[in-house]
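Q:
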Amino acid sequence: MNLDEKMILLATAFLFLPYQIASVAVACILIQALCRHKLVDAIKNQTGAIFFYSFIVLEFIVSIFHSNWTGFGNTWLFVLIGLYGAYYRRSITKSTFEKMCDLIIILSVFAAIYGLYQFNQISLANGRTFLEFHIFNSPKRRITSTFMNANIYAMVIDFVCVMCMYRFVKNDNILCKIGYFIIALFNFFVLYLTGSRTALLPFALIFPIFLYCVRWKKLFITSIVFELGICALVFLKPTLIPRISDMSTFVSRIKIWKTAFMCISMYPFFGWGPQTYQKFYPLVHGHKAPHAHNIYIDSILSYGVVGTVVLLAYTFVLNKEIFTSHTRKENPALFGMMMCFIAIVLIYGLLDCTLNIVATGTLCFIILNSACMYLEK
234 MNLDEKMILL
244 ATAFLFLPYQ
254 IASVAVACIL
264 IQALCRHKLV
274 DAIKNQTGAI
284 FFYSFIVLEF
294 IVSIFHSNWT
304 GFGNTWLFVL
314 IGLYGAYYRR
324 SITKSTFEKM
334 CDLIIILSVF
344 AAIYGLYQFN
354 QISLANGRTF
364 LEFHIFNSPK
374 RRITSTFMNA
384 NIYAMVIDFV
394 CVMCMYRFVK
404 NDNILCKIGY
414 FIIALFNFFV
424 LYLTGSRTAL
434 LPFALIFPIF
444 LYCVRWKKLF
454 ITSIVFELGI
464 CALVFLKPTL
474 IPRISDMSTF
484 VSRIKIWKTA
494 FMCISMYPFF
504 GWGPQTYQKF
514 YPLVHGHKAP
524 HAHNIYIDSI
534 LSYGVVGTVV
544 LLAYTFVLNK
554 EIFTSHTRKE
564 NPALFGMMMC
574 FIAIVLIYGL
584 LDCTLNIVAT
594 GTLCFIILNS
604 ACMYLEK
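Put into structure tokens, the structure is as follows:
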């Protein structure tokens, strides 16, 4: 394993630390890559670089023009993730990728244990016991582990569960398979304790999608029947879903979306840059929130039609690479993992924006860029 591959694993480990530490660590890794003349060539060969960095330049300009300094800072996160993605593409190998997935899965166990500790502390502080498994509605009284909030941690768990499925398929050792299964169940249990209802929605699709991609037809059909059974059970007993009786957050989202559409109608072409909602809502006395709680609305709101089209152009080029590479043929499990990640983002995006942080943004970005390992040389 060369130095670049070790740096990839080191960066992966830092993603499980608070975002401030993770951001600085990834930046330092990029600086060492630049000093070793590895980064510039990586950017030149990065798929869709013209669209991705054009989008970043546009958002810098728009954010400065509207004095949106939160958005300006957020755009630097895009720079960080984009440059790391370029370095990742240049450095990743098939064996290192498997090690990286195992590292993420192992680190998720420590994150989950810390999450359980948080849950116990929150329960005791509010006159409850751990075994009551009472999940509070207040975001401040929900577990976050080492991440910014409960929903971001829940998305990380979604990603980890998909990785467990991937490694379950790829590893022939029966004890390892059992281990991946147990870790996935453990993470799902902690996911339930986060109280993130949105994070449960992707589970209706990721199992059938993954099993279809790896061509396990019998299990694919079984998973659909199982999913339908779960849906019927939830329909008969809605209280199985955490915080199901609390509709205040959905009502809040309706108010947020109304304010967002007001801003879109006023600034349709370029928006005000990332986190536009946070800057706009005080001007019209809208509902307080850091973003629009919907990636589709937030994209048009923050980036405008022009910025969104440029970003979609990059997305199209990246997806073209995924589908035209040999990934689907040579590693159908990786192709299935990519499709699951896309499904998670698209479903999660209906009610939240959770990619605007270094852990979730980087994890999603590097997995979707992993088809580079299966391109024609």
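Using my numbering, the letters of the sequence shown correspond one by one to residues 234 to 610.
Glycine included, C-beta positions come from ideal geometry on N, C-alpha and C.
Model, not experiment: these values are computed from the prediction.
Quick check on the DSSP output: the alpha helix (DSSP H) that includes Leu584 runs from which residue to which?
A: Counting along the chain, Leu584 falls outside any alpha helix (DSSP H), and DSSP gives it neither H nor E.
Q: Let me know if Ile339 comes out buried or exposed under the rule of 16 or more other beta-carbons within 10 Å of its beta-carbon.
A: With fewer than 16 other beta carbons inside 10 angstroms of its own, Ile339 counts as exposed.
Q: Pop quiz: Ile577 and Ile439 are said to be a contact at Cβ under 8 Å. What is the actual Cβ separation, rounded to whole angstroms?
A: With 8 Å as the limit, Ile577 and Ile439 qualify as a contact, their Cβ atoms being about 7 Å apart.
Q: Which residues mark the beginning and the end of the alpha helix (DSSP H) in which Met333 is found?
A: Element bounds for Met333: Lys327 to Ala358.
Q: Could you please give the first and the last residue of the uninterrupted alpha helix (DSSP H) stretch that includes Pro251?
A: Per DSSP, Pro251 belongs to no alpha helix (DSSP H) and is neither H nor E.
Q: Confirm, please, whether the CB-CB distance from Ile325 to Ser615 is below 8 Å.
A: There is no way to answer for residue 615, as the model of the chain reaches only from 234 to 610.
Q: Give the DSSP-derived three-state secondary structure of Phe494 in the structure shown.
A: helix
Q: Is it buried or exposed for Tyr413, if we count other Cβ within 10 angstroms and need 16 for buried?
A: buried
Q: How big is the Cα-Cα spacing for Gly315 and Asn307?
A: 13 Å
Q: Once you ignore the five residues that flank Phe352 on each side, which residues in its own chain have a CB closer than 6 Å to its CB?
A: Ile376 and Leu426
Q: For the alpha helix (DSSP H) containing Cys605, list its first residue and its last residue.
A: Neither: Cys605 is in no alpha helix (DSSP H) and is coded neither H nor E.
Q: Using the rule of at least 16 other Cβ atoms within 10 Å of the residue's Cβ for burial, across every protein chain shown, is Val543 buried or exposed?
A: buried
Q: Measuring CA to CA, which of Met495, Asn527 and His526 is closest to Phe513?
A: Met495
Q: By alpha-carbon positions, which one of Phe421, Gly537 and Phe453 ends up nearest to Ser296?
A: Gly537
Q: Can you give the beta carbon distance from Phe284 to Tyr547, rounded, assuming they're within the 8 Å contact cut?
A: 4 Å
Q: Among Leu466, Phe468 and Phe443, which one has its Cα closest to the Cα of Ser456?
A: Phe443
Q: Whole angstroms are fine: how far does the CA of Ala387 sit from the CA of Met333?
A: Each residue's alpha carbon lies about 20 Å from the other.
Q: Does the stretch 405-422 touch the stretch 269-283, meaning 3 or more C-beta pairs lie closer than 8 Å?
A: no
Q: Under DSSP, the alpha helix (DSSP H) around Pro441 begins and ends at which residues?
A: Ile439 to Cys446
Q: Check Ile368 in the structure and name its three-state DSSP category.
A: coil
Q: Buried or exposed: which applies to Gly281, given that a residue is buried once 16 or more other Cβ atoms fall within 10 Å of its Cβ?
A: buried
Q: What is the DSSP secondary structure of Phe502, reduced to helix, strand or coil?
A: If DSSP states are grouped into helix, strand and coil, Phe502 belongs with coil.
Q: Quick check: Val329 and Ile262, are their CB atoms within less than 8 Å of each other?
A: In the sequence as displayed, the identity of residue 329 is Thr instead of Val. Cβ atoms of Thr329 and Ile262: not closer than 8 Å.
Q: Check Pro471 in the structure and name its three-state DSSP category.
A: helix
Q: Could you pull out every residue in the same chain whose Cβ sits closer than 7 Å to the Cβ of Ala260, ignoring the five residues on either side in sequence?
A: Leu313
Q: Quick check on the DSSP output: what are the complete alpha helix (DSSP H) runs of length 4 or more inside the stretch 372-406, in order along the chain?
A: 383-403
Q: To the nearest whole angstrom, what separates the beta carbons of Ile489 and His526, a pair I think is in contact under 8 Å?
A: 5 Å
Q: Tell me the rounded alpha-carbon separation between Thr606 and Ala319.
A: It is Met, not Thr, that sits at residue 606 in the sequence shown. For Met606 and Ala319, the distance between alpha carbons rounds to 13 Å.
Q: Count the other CB atoms, across all protein chains shown, that sit within 10 Å of the CB of Tyr399; report buried if there are 16 or more and exposed otherwise.
A: With 16 or more Cβ atoms within 10 Å of its Cβ, Tyr399 is classed as buried.
Q: For Ala522, does the three-state DSSP call read helix, strand or coil?
A: coil
Q: Could you check which residue in Met571, Pro441 and Glu563 has the C-alpha nearest to that of Val393?
A: Looking at the Cα atoms, Met571 is the closest of the given residues.
Q: Between Leu250, Asp237, Ile254 and Phe293, which has its C-alpha nearest Cys268's C-alpha?
A: Asp237
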